[in-house]
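What follows is a short report on a single structure.
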């Protein structure tokens, strides 16, 4: 086991989010917290086995600790993809049993798998047999038609028996018909009590809480019950919430990074991406959330979201935006 994996801690993590937690976003978030566990966007087994897997698996060494989230339900395919993850240096591989979108349901991916505990167990066992890095599961507390606590315990117990010891629980059920993925993140009520009961009934398992958490104060409160917390949209829309994660949740004595320092440290990465033929917007779209809650924040966001598309010298624009963060 590598040193990186040995040090893997799930006390605080950032959720896998489609179209958001790409490698550029993760590099930026890592500047704010050295200890947070970061997740890729969900990648399907089909994309890795039949597509440009190097593109999907590419990451910067600075992103560690880093987990790859997989979507799939064929044990052999998942085992092959888990091996790819390990070979590319990922610290963990996670199976998505929470995404409610129609597109993934039709391929037996995501939340619909909560109705098939033994299949998930078979998938987990196949992955665990293929790799030495941890295999974890992210799931809901139920799906419509299968949302009793007994059925949740059946799911967790069955998957535990296949060797999984870490479960990230999005404390909402998923409604598989009639709600969009976006609506499924808001409409089903949060039930932290159900997730807490799971921790009580499965004390030997690592239970990570996900869903609706917005502040580090709330994180500290939940950590009295759970082994870890996972932030999703809040970490993306308000990334500076992560600046004190290391100090408040991991006991770090390092100084808290400022917004200005984070952007300054990101600048060489952006310059290298531009030199390689990339667009600055690929990266700066992820930092717009730094511009919240201070005079000039709106101008900061405008520079990097609107003006950026007509800038002949994008780095000059970046430096203008950076000036607005001075002292912040």
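Numbering (UniProt numbering), first residue to last: 1 to 328. C-beta atoms are modelled at their ideal positions from N, C-alpha and C, and glycine is treated no differently.
Specify, as a first and last residue, the run of the alpha helix (DSSP H) that residue i falls within.
| i | result |
| --- | --- |
| residue 299 | 297 to 305 |
| residue 124 | 117 to 130 |
| residue 274 | 259 to 275 |
| residue 78 | 75 to 87 |
| residue 57 | 53 to 57 |
| residue 26 | 23 to 32 |
| residue 216 | 216 to 222 |
For residue i and residue j, I'd like the C-alpha separation in whole angstroms.
| i | j | result |
| --- | --- | --- |
| residue 2 | residue 293 | The predicted model places residue 2 with a pLDDT of 37, which falls under 50 and marks its position as unreliable; any figure quoted below should be read in that light. Distance between the alpha carbons of residue 2 and residue 293: 41 Å. |
| residue 162 | residue 185 | 29 Å |
| residue 332 | residue 210 | Past the boundaries of the shown model lies residue 332; the chain is included only from 1 to 328, so the question cannot be answered. |
| residue 13 | residue 20 | 15 Å |
| residue 113 | residue 160 | 15 Å |
| residue 343 | residue 89 | The displayed coordinates of the chain run from 1 to 328. Any statement about residue 343 would go beyond what the structure contains. |
| residue 297 | residue 263 | 14 Å |
| residue 181 | residue 58 | 26 Å |
| residue 6 | residue 295 | Residue placement at residue 6 is flagged as unreliable, the pLDDT there being 38, under the threshold of 50; the coordinate-derived value follows with that caveat. When rounded, the distance between both Cα atoms is 43 Å. |
| residue 15 | residue 311 | 32 Å |
| residue 217 | residue 134 | 29 Å |
| residue 128 | residue 45 | 16 Å |
| residue 303 | residue 24 | 19 Å |
| residue 253 | residue 212 | 28 Å |
| residue 146 | residue 139 | 13 Å |
| residue 272 | residue 207 | 39 Å |
| residue 141 | residue 235 | 22 Å |
| residue 326 | residue 318 | 13 Å |
| residue 4 | residue 33 | For residue 4, the pLDDT reaches just 44, beneath the cut-off of 50, and the residue's location in the model is therefore unreliable, leaving the point undetermined. |
| residue 69 | residue 314 | 33 Å |
| residue 143 | residue 196 | 18 Å |
| residue 251 | residue 66 | 20 Å |
In terms of residue numbering, what span does the beta strand (DSSP E) encompassing residue i cover?
| i | result |
| --- | --- |
| residue 93 | 92 to 97 |
| residue 240 | Careful: residue 240 lies outside any beta strand (DSSP E) and carries neither H nor E. |
| residue 140 | 135 to 143 |
| residue 194 | First-last for residue 194: 192 to 201, but that is the alpha helix (DSSP H), not the beta strand (DSSP E). |
| residue 168 | 166 to 174 |
| residue 38 | 37 to 39 |
Can you tell me whether residue i is buried or exposed, with buried defined as 16 or more other CB within 10 angstroms of its CB?
| i | result |
| --- | --- |
| residue 84 | buried |
| residue 118 | exposed |
| residue 309 | exposed |
| residue 62 | exposed |
| residue 173 | buried |
| residue 316 | exposed |
| residue 87 | exposed |
| residue 203 | exposed |
| residue 92 | buried |
| residue 96 | buried |
| residue 166 | buried |
| residue 224 | exposed |
| residue 277 | exposed |
| residue 268 | exposed |
| residue 55 | exposed |
| residue 40 | buried |
Kindly identify the DSSP beta-bridge partner or partners of residue i.
| i | result |
| --- | --- |
| residue 12 | 229 |
| residue 69 | 94 |
| residue 209 | 169, 229 |
| residue 146 | 143 |
| residue 44 | 71 |
| residue 315 | For residue 315, which the question treats as bridged, DSSP gives no partner whatsoever. |
Got a sec: is the Cβ-Cβ distance from residue i to anything in chain D below 9 Å?
| i | result |
| --- | --- |
| residue 227 | No chain D appears in this structure, which consists of one protein chain only. |
**Message:** Below 8 Å, how does it come out for the stretch 285 to 292 and the stretch 252 to 266: are there three or more Cβ pairs, yes or no?
**Reply:** With a cut-off of 8 Å, the stretch 252 to 266 and the stretch 285 to 292 count as touching, because enough Cβ pairs lie within range.
**Item:** Cβ pair count under 8 Å reaching 3, the stretch 274 to 281 against the stretch 231 to 243
**Value:** The answer is no - the stretch 231 to 243 does not touch the stretch 274 to 281, with fewer than three Cβ pairs under 8 Å.
**Message:** Using a Cβ distance threshold of 8 Å, determine whether the stretch 17 to 34 contacts the stretch 234 to 243, with at least three qualifying pairs required.
**Reply:** yes
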